[in-house]
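**Q**
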Amino acid sequence: MSEVVGHLRSAADFSVRVWKHRWFRNSRIAAAVGLVGLTAAVIGVMLFAHTEINVGPFRAEMSLRPSVVGGTEVNIPPLGSLHLDSHRGTLHLKVALGSLDQNRTEELIDNPAAISSAGDRAVDEVVAGVSRLALRTVGLAVLSAILAAALIFRNVRRTAAAGLTALITAAGSLGLAAATIRPNAISEPRYEGLLVNAPAVVGDARRIADNYGRYAEQLQQIVSNVSRIYTTVSALPVYEPAGNTTRILHVSDLHLNPSSWGLIRTVVQTFDIDAVIDTGDMVDWGSSAETSYVSSIPSLGVPYLYVRGNHDSVAIQTAVAKQRNAVVLDDKIVLQNGLTIAGIGDPQFTPDKSETNKAGDTSGDEILTAAGERLATTIRNSGQKVDLALVHDPGMAQPLSGVVPLVLSGHKHQRSVQMLPAPTPPTPDPSASASPSAVPSPSAAAQALMPTRLMIEGSTGGAGLRGLEGEKPTPLSLSVLYFDENHDLKAYDDIELGGTGQSNVEMQRNVVGLDDESPPVTPSPSAPSGAPAPSGSPAVRPSR
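Counting in this note's numbering, the sequence shown runs from 4 upward without gaps.
1) By alpha-carbon positions, which one of 249, 195, 410 and 325 ends up nearest to residue 453?
2) Going along the chain, which residues of its own chain have a beta-carbon closer than 6 Å to the beta-carbon of residue 614, five neighbours each way excluded?
3) Does the separation of the CB atoms of residue 165 and residue 174 fall below 9 Å?
4) Mind checking which residues open and close the alpha helix (DSSP H) that includes residue 172?
5) For residue 49, which three-state DSSP category applies?
6) List the whole-angstrom C-beta distance separating residue 465 from residue 476, where the pair is believed to meet the contact cut-off of C-beta under 8 Å.
7) Could you tell me the alpha carbon to alpha carbon distance between residue 369 and residue 266, rounded to whole angstroms?
8) Run through DSSP, which three-state label would residue 1 get?
9) Please classify residue 150: does DSSP put it in a helix, a strand, or coil?
10) Compute the Euclidean distance between the alpha carbons of residue 377 and residue 260, then round it to the nearest angstrom.
11) According to DSSP, is residue 37 part of a helix, a strand, or is it coil?
12) Taking C-beta to C-beta, are residue 344 and residue 287 nearer than 9 Å?
13) May I ask which residues mark the beginning and end of the alpha helix (DSSP H) holding residue 272?
14) Quick one: what does DSSP say residue 326 is sitting in, helix, strand or coil?
15) Measure the alpha-carbon distance for residue 532 versus residue 328 and round it to whole angstroms.
16) With distances taken Cα to Cα, identify the nearest neighbour of residue 251 among 500, 511, 311 and 490.
17) Can you grab the Cα-Cα spacing for the pair residue 424 / residue 412, in whole Å?
18) Using only CA atoms, which one of 300, 303 and 36 lies nearest to residue 161?
19) Going by C-alpha to C-alpha distance, which of 285, 342, 354 and 154 sits closest to residue 321?
20) Suppose you measure from the CA of residue 399 to the CA of residue 78; what does that come to, to the nearest Å?
21) Just mark residue 291 as buried or exposed, buried being the case when its beta carbon has 16 or more other beta carbons within 10 Å.
22) What residue does the beta strand (DSSP E) around residue 86 start on, and which one ends it?
23) Do you know whose CA, among 97, 403 and 496, lies nearest residue 136's CA?
24) On the DSSP bridge assignment, give the partners of residue 253 in chain order.
25) What span of residues does the beta strand (DSSP E) with residue 510 cover, start to end?
26) Below 8 Å CB to CB, which residues in the same chain sit around residue 32 once its five sequence neighbours on both sides are set aside?
27) Helix, strand or coil: how does DSSP classify residue 554 here?
28) Round the Cβ separation of residue 74 and residue 84 to the nearest angstrom and send it over; I've been treating them as touching at under 8 Å.
29) What residue from 406, 293 and 397 has the CA that sits closest to residue 459's CA?
30) Evaluate residue 386 with the Cβ neighbour count: other Cβ atoms within 10 Å of its Cβ, from every protein chain shown; 16 or more gives buried, anything less gives exposed.
31) Rounded to the nearest angstrom, what separates residue 189 and residue 181 at their Cα positions?
32) Determine the direct distance from the alpha carbon of residue 142 to that of residue 500, and round the result to whole angstroms.
33) Is the Cβ-Cβ distance between residue 86 and residue 70 less than 9 Å?
34) Once you ignore the five residues that flank residue 414 on each side, which residues in its own chain have a CB closer than 6 Å to its CB?
35) Starting from residue 495, trace the beta strand (DSSP E) in both directions and tell me its first and last residue.
36) Give me the DSSP bridge partner(s) of residue 457.
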């Protein structure tokens, strides 16, 4: 027993000696000084790191907050907010548009040309405001750390060390934000707010797509848009896209949700949609009782292009075909609003089909691939350039790689965008190589190099009743696609509404070719002019 007590006393004495050791004591003091300096700096920045600037006709307040992801948030009350992936780091920039400046507002009302000049001044105003805010942030962080350390430690050296810690942290955070800044982020804002205000706040997709690399012009455009909104007293401005832009609304997997038609109708009217594309699964079981669901198609007032899903029977397809503005594509090619569109229905009618086949059962995959190959053959035999192809199941898309630049599908109830793997070129026959007929045509060579983008839409009906089976309801998803005069996809807006029982709305602007991480594809000189730019390069052309 005495030995145990002796060991405990020895351990206690050793702990006391370590605790009082000079090195350990200095480490504790340094940690305390650093903690006090960082905590005080964060509190000071959160409370006081803000400044006011003039942007266009209104006053704006800019502030910085600690963050783990960075980014910028622009609040435009009551229209909503824009979220930009502008930079990385530990600082989040928030810009809140506040009260109108009476003199500037009257100037805009009396002189409409002043709206453009307001946009021209916006860049300098914002740069000056950010610079002023950065200096203010560093000063506040250092001052807060010094005051807190002086009150706690009452030691000049420790106080100075806390201030130096805050200075290094604040300057390092600002330096990281500056080093990781993404000017192109303003071309791809994520919008939150009322759906009806989205086009006016985000701006014209065509102009953003054609000029996405010019940060200053985009900032001017957004300021000009907001200026027009704030100075219009009768109503919000009408969305005015470029005259040669074709707007297509992609919906899929409505699954008998009655609220889907109201949502689609709102987007058609708000975004000035030219045509609607439905990639199937309009109903749940394909029964004759469900055919009445399609009667809302004419109320949309625009052409409605449809391919059959695995939940849609032939009876449902026939009912859709009877609607005056509907076009059913089942191994067919049509011309719609200048776009050449091909489509084929799902070869399987399996309304109780699971998302994956049983282990070892590839029969379903083979059927889907065969249907995709059938549509690819139809496109090749037509002798014309097809701008996009429609299928329901993404499993049908791979045979279309290199045949069309864009494939739209659904079925998965989850939105995703990817580049299809390039098709494997056929092995040439040595015996036939000498024959003139064996030489591939320029158009065939161009098709072989054409990159193909697959866009899988979520469920515009929130997966129907299935969407209520999980912990959270499946969101209602649909997308607006913007095509230029060459029939190239320039940009697309992903719109998502909270599932049944929820009301939140988000819209994400995406510019084709911007930050595309897909492997580059080099087109041949004979590639058709309508083919999209290869992945990894901007898919844009100068405005005409």
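Each residue gets a CB set at the ideal place from its N, CA and C atoms; glycine is no exception.
**A** Looking at the coordinates:
1) Taking residue 453 as reference, the option from 249, 195, 410 and 325 with the minimal CA-CA separation is 410.
2) One cannot answer for residue 614 here, as it falls past the ends of the chain, which runs 4 to 547.
3) Not a contact, by the Cβ cut-off of 9 Å.
4) Taken as a continuous stretch (DSSP letters only), the alpha helix (DSSP H) holding residue 172 covers 159 to 182.
5) Look at residue 49 here: in three-state DSSP terms it is helix.
6) Yes, residue 465 and residue 476 are in contact; Cβ-Cβ is about 6 Å, under 8 Å.
7) For residue 369 and residue 266, the gap between their C-alpha atoms comes out near 36 Å.
8) Residue 1 cannot be examined here, being either before or after the span of the chain that is shown, 4 to 547.
9) When DSSP states are grouped into helix, strand and coil, residue 150 belongs to the helix group.
10) Approximately 32 Å, taken between the alpha carbons.
11) Looking at residue 37 - three-state DSSP - the assignment turns out to be helix.
12) Not a contact, by the Cβ cut-off of 9 Å.
13) Unbroken alpha helix (DSSP H) run through residue 272: 262 to 273.
14) Here residue 326 sits in coil by DSSP.
15) Reliability of the predicted coordinates at residue 532 is poor, the pLDDT of 33 falling under 50, and the value obtained from them is presented with this limitation in mind. Spanning the two alpha carbons is a distance of roughly 31 Å.
16) Nearest in C-alpha terms to residue 251, of all of 500, 511, 311 and 490, is 490.
17) Residue 424 and residue 412: Cα-Cα distance of roughly 16 Å.
18) The shortest C-alpha separation from residue 161 is found at 36.
19) For residue 321, the nearest C-alpha among the options comes from 285.
20) About 42 Å.
21) With fewer than 16 other Cβ atoms within 10 Å, it is exposed.
22) 83 to 87 is the span of the beta strand (DSSP E), which, as asked, contains residue 86.
23) When each option's Cα is compared against that of residue 136, the closest is 97.
24) DSSP lists 280 and 482 as partners of residue 253.
25) The continuous beta strand (DSSP E) containing residue 510 extends over residues 508 to 514.
26) Cβ within range, chain order: 161.
27) Because the chain spans 4 through 547 in this model, residue 554 falls outside it and cannot be assessed.
28) Actually they are not in contact, since the Cβ atoms of residue 74 and residue 84 sit about 12 Å apart, beyond 8 Å.
29) When C-alpha distances from residue 459 are compared across 406, 293 and 397, the shortest belongs to 397.
30) Taking every protein chain shown into account, the CB of residue 386 has fewer than 16 other CB atoms within 10 angstroms, so this residue is exposed.
31) Those two C-alpha atoms are separated by around 16 Å.
32) The straight-line gap from Cα to Cα measures roughly 42 Å.
33) Going by C-beta atoms, residue 86 is not nearer than 9 Å to residue 70.
34) Within the same chain, and ignoring the five residues on either side of residue 414 in sequence, the residues whose Cβ sits closer than 6 Å to its Cβ are 395 and 396.
35) Here the beta strand (DSSP E) through residue 495 covers 492 to 500.
36) Beta-bridge pairing by DSSP links residue 457 to 410 and 421.
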